[in-house]
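**Q** My questions will all concern the structure given below.
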Amino acid sequence: MAAERTVLEAEAIDFARALIRFDSVNTGDNATIGDGETRAARWVQQRLEEVGYATDFVEPIPGRGSLVARLTGRSQDVGALVVHAHLDVVPVDDGTWKRPPFAAQVEDGILYGRGAVDMKGFAGGVLAVARAFRRNGVVPGRDLVFVFVADEEAGGRWGARWIVENRPDLLAGATEALGEVGGFSVSLGPRRRLYPVATAEKGSLGATLVAHGPAGHGSRPLPGNAVVRLAAAIEAVAGHRFPVVRTPALVRFLDVVGRELGIEFRDGTLDSQLASLGGIGSFIGASARTTVSPTVLRAGDKTNVIPATAQAGLDIRVVPGGVALLREVLPSLVGDDVEVRWGILVEPIEAPADSALVDVLQRAVSAEDADGLVVPFLLPASTDNKAFARLGIHGYGFTPLRVPDGFDTFGGFHAVDERIPIDALAFGARVTERVLREA
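In the numbering used here, the protein residues as written are 22 to 460.
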């Protein structure tokens, strides 16, 4: 099979494997992070420069390197397209993996390794396309800015955010960006396959609930126990359902899928209707409304002492236009006895769901999968597109993969034994090549 692949496909697979072999784990703590990101970025730099690219390597602090290269297009009247992939990965627990997480083993046509999905597979494909364009003298319609960054998994402070704040010149003239999360095929009935493209992302906001009460000995229960107050507040928050917000991305998704399945999605039954779609349904359900998840609890440290305070950390993902309602509703849910301490809001972002770029994605997918249907959706998480949005760049999440029916690509993010079929990587390289030629 490998001998039959084109140079583009073979390089995409080989480069993905090579990048996985760099241990570029991002713990979020610089003291425990090695130089894997820098070594990976330098390796990408070599692969690009050997085919004639001029590159810019940036390293804000030792070990946190990123790389940028530009391919000049035919027209400077059209904004440049940023094509980005992050080179860091989340930590692994080697004891739970059946295969070494950084060995990039291929078994039965499946590539295993940390970053296979998130997102060294796409990085390898983009690198292969960039090289193919230079080798073959391809001049795209507009400038392409290839960006391989550090630190996405911890918020991008030393990667995309640093470039936006300190080297915006590297992204000069860019109006759109293409990166994660999306583009993975999802079966829809016996024939159709969806290829979701993230045209928007929820905002993120941390908050802390703080309950106060009298301290005392655990043998003498006291009214107003801070832990009990906090527990009641957590139950109220967890039980609340914010209303469905029909953002443009959600409207397009429900309209397209509804027509294909012959159903009408209604707000009151949306969760159960989406559940029938499988894994993608739960993903879309999470994007349909603001969500609040209690994630961290802190209280006393001795069982025989009633603490004076108890705290709960909340992970909040807010839909576009939903911040005001959130700030009104959350304090009313927890009551006067519990304080809400708000964290820093990362604003939601939205790009046009009916842009010419989305049309390009559809044509590229159709050329490789006649039954493929590109459909916008709202990503309930965050990517580096949020950083690029600060420069007015509209971000789209689309890293194309055609996977077998039932293969849960979304579930592979940060998972044990992360994996992807190598045929899907070859498909992704072909589609990406078409997109960047036409975009």
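Glycine is no exception: its CB is placed at the ideal position from the N, C-alpha and C atoms. Please read these numbers as outputs of a predicted model, since none were measured by experiment.
By alpha-carbon positions, which one of A408, E58, V396 ends up nearest to I370?
**A** As a position in the sequence shown, residue 370 is number 349, starting the count at 1. Comparing Cα-Cα distances from I370 to each of A408, E58, V396, the minimum goes to A408.
**Q** Please classify E371: does DSSP put it in a helix, a strand, or coil?
**A** To locate residue 371, count along the sequence shown from 1; it is residue 350. E371: strand per DSSP, three-state reduction.
**Q** Could you have a look at W183 and say whether DSSP puts it in helix, strand or coil?
**A** On the sequence shown, residue 183 is found 162 positions in, with the first residue counted as 1. Helix, per DSSP.
**Q** Checking the sheet assignment: what are the DSSP bridge partners for R362?
**A** If you number the sequence shown from 1, residue 362 lands on position 341. In the DSSP output, where bridge partners are listed per residue, R362 has T229.
**Q** Nearest to T330 by CA position, among G260, V359, L351, is which residue?
**A** Within the sequence shown, numbered from 1, the residue matching residue 330 stands at position 309. Comparing Cα-Cα distances from T330 to each of G260, V359, L351, the minimum goes to V359.
**Q** Hey, would you say G203 sits closer than 9 Å to V185, going by beta carbons?
**A** Taking the sequence shown and counting its residues from 1, one reaches residue 203 at position 182. Taking the sequence shown and counting its residues from 1, one reaches residue 185 at position 164. No, Cβ-Cβ distance for G203 and V185 is not below 9 Å.
**Q** Can you give the Cα-Cα distance for R451 and H107, rounded to whole angstroms?
**A** The residue labelled residue 451 in the question sits at position 430 within the sequence shown. The residue labelled residue 107 in the question sits at position 86 within the sequence shown. Cα to Cα, R451 sits roughly 20 Å from H107.
**Q** Please go through the region 367 to 436 and give each complete alpha helix (DSSP H) segment of 4 or more residues, from N-terminal end onward.
**A** If we require 4 residues or more, the alpha helix (DSSP H) runs fully inside the region 367 to 436 come out as 377 to 389, 406 to 410.
**Q** With a cut-off of 8 Å on the beta carbons, I'd call T420 and G393 a contact; round off their distance for me.
**A** Along the sequence shown, read from residue 1 onward, the residue named residue 420 stands at position 399. Along the sequence shown, read from residue 1 onward, the residue named residue 393 stands at position 372. Contact doesn't hold; Cβ gap of about 14 Å is too wide.
**Q** I'd like to check one pair, N187 with V79: are the Cβ atoms closer than 9 Å?
**A** For this step, residue 79 is matched to residue 58 along the sequence shown. For this step, residue 187 is matched to residue 166 along the sequence shown. Yes, Cβ-Cβ distance for V79 and N187 is below 9 Å.
**Q** Taking only the alpha-carbon atoms, compute the straight-line gap between G413 and G279 and give it to the nearest angstrom.
**A** Taking the first residue of the sequence shown as position 1, residue 413 is located at position 392. Taking the first residue of the sequence shown as position 1, residue 279 is located at position 258. Computed Cα separation, rounded: 32 Å.
**Q** Ignoring anything shorter than 3 residues, give me the beta strand (DSSP E) runs that lie fully in the region 65 to 108, in order along the chain.
**A** For the region 65 to 108, whole beta strand (DSSP E) runs of length 3 or above, ordered along the chain, are 76 to 79, 87 to 92, 101 to 107.
**Q** Keeping to the same chain, check which residues put their C-beta closer than 7 Å to that of D429; ignore five residues upstream and five downstream.
**A** Taking the sequence shown and counting its residues from 1, the one referred to as residue 429 is at position 408. G300, listed in sequence order.
**Q** Would you mind reading off the limits of the beta strand (DSSP E) that contains S208?
**A** Taking the sequence shown and counting its residues from 1, one reaches residue 208 at position 187. That run of the beta strand (DSSP E) goes 207 to 209.
**Q** What does DSSP give as the partner residue(s) for A221 in the beta ladder?
**A** As a first step, residue 221 must be located in the sequence shown, where it is residue number 200. E371, L399, per the DSSP bridge assignment.
**Q** For P425 and A75, I'd like the C-alpha separation in whole angstroms.
**A** For this step, residue 425 is matched to residue 404 along the sequence shown. For this step, residue 75 is matched to residue 54 along the sequence shown. Roughly 38 Å separates the two Cα atoms.
**Q** Tell me the residue span of the beta strand (DSSP E) that contains F43.
**A** As a working note, residue 43 is residue 22 in the sequence shown. First-last for F43: undefined, no H or E at that position.
**Q** What are the uninterrupted segments assigned as alpha helix (DSSP H) that are 4 or more residues long and contained completely in the region 283 to 358, given in chain order?
**A** Complete alpha helix (DSSP H) runs here, min 4: 291 to 296, 300 to 308, 344 to 355.
**Q** For V147, which option in V89, W179, W183 has the closest C-alpha, if you only look at C-alpha atoms?
**A** If you number the sequence shown from 1, residue 147 lands on position 126. Here the closest residue by C-alpha is V89.
**Q** Using the three-state DSSP reduction, which class does E201 fall into: helix, strand or coil?
**A** As a working note, residue 201 is residue 180 in the sequence shown. Reduced to three states, the DSSP call for E201 is coil.
**Q** In whole angstroms, what is the alpha-carbon distance linking A447 and S314?
**A** Here the question's residue 447 lines up with position 426 in the sequence shown. Here the question's residue 314 lines up with position 293 in the sequence shown. Looking at the two C-alpha atoms, the distance is approximately 37 Å.
**Q** Skipping 5 residues on each side, what residues in its chain have a beta carbon closer than 7 Å to that of L275?
**A** Walking along the sequence shown from the start, residue 275 turns up at place 254. Excluding sequence neighbours, L275 sits near F286.
**Q** When the distance is taken between beta carbons, is N246 closer than 9 Å to G260?
**A** In the sequence shown, residue 260 corresponds to position 239, counting from 1. In the sequence shown, residue 246 corresponds to position 225, counting from 1. Going by C-beta atoms, G260 is not nearer than 9 Å to N246.
**Q** Quick one: using the 10 Å Cβ neighbour count with 16 as the cut-off for buried, is I82 buried or exposed?
**A** Taking the first residue of the sequence shown as position 1, residue 82 is located at position 61. Label assigned to I82: exposed.
**Q** Tell me, please, whether the region 114 to 129 touches the region 188 to 195 by the rule of three or more beta-carbon pairs shorter than 8 Å.
**A** No, the region 114 to 129 is not in contact with the region 188 to 195.
**Q** Just mark R241 as buried or exposed, buried being the case when its beta carbon has 16 or more other beta carbons within 10 Å.
**A** Here residue 241 corresponds to residue number 220 of the sequence shown, with the count starting at 1. Burial call: exposed.
**Q** Pull up the DSSP beta-bridge partners for I131, would you.
**A** Walking along the sequence shown from the start, residue 131 turns up at place 110. According to DSSP, which records beta bridges pairwise, I131 is partnered with E128, P442.
**Q** Measuring straight from C-alpha to C-alpha, what distance separates K223 and A52?
**A** Taking the first residue of the sequence shown as 1, we reach residue 223 at position 202. Taking the first residue of the sequence shown as 1, we reach residue 52 at position 31. When rounded, the distance between both Cα atoms is 30 Å.
**Q** For my contact list, L271 and L399 are in at a C-beta cut-off of 8 Å; report their separation, rounded to the angstrom.
**A** Stepping through the sequence shown from its first residue, residue 271 is reached at position 250. Stepping through the sequence shown from its first residue, residue 399 is reached at position 378. L271 to L399, Cβ: 6 Å. Contact.
**Q** Express the C-alpha separation of I284 and R91 in angstroms, rounding to a whole number.
**A** Taking the sequence shown and counting its residues from 1, one reaches residue 91 at position 70. Taking the sequence shown and counting its residues from 1, one reaches residue 284 at position 263. The alpha-carbon atoms of R91 and I284 are separated by roughly 45 Å.
**Q** Among the residues of its own chain, which have a CB less than 6 Å from the CB of A125, if the five just before and after it don't count?
**A** Numbered from its first residue, the sequence shown carries residue 125 at position 104. Same-chain partners within the cutoff: R38, I41, R42, G134.
**Q** To which residues does DSSP link H261 through a beta bridge?
**A** Against the sequence shown, residue 261 aligns to sequence position 240. Bridge partners of H261: none, in fact.
**Q** Would you tell me roughly how many angstroms separate the C-alpha atoms of D98 and T196, rounded to the nearest one?
**A** As a working mapping, residue 98 is identified with position 77 in the sequence shown. As a working mapping, residue 196 is identified with position 175 in the sequence shown. Those two C-alpha atoms are separated by around 11 Å.
**Q** Using C-beta distances below 7 Å, list every residue in its chain close to F123, excluding the 5 sequence neighbours before and after it, in chain order.
**A** Translated into the one-based positions of the sequence shown, residue 123 becomes position 102. The residues are I41, R42, D44, G134, R135.
**Q** Using the Cα positions of L199 and R411, report the straight-line distance between them to the nearest angstrom.
**A** One-based indexing of the sequence shown puts residue 199 at position 178. One-based indexing of the sequence shown puts residue 411 at position 390. Each residue's alpha carbon lies about 15 Å from the other.
**Q** Are the CB atoms of F263 and F431 nearer to each other than 9 Å?
**A** Mapped onto the sequence shown, residue 263 falls at position 242. Mapped onto the sequence shown, residue 431 falls at position 410. No.
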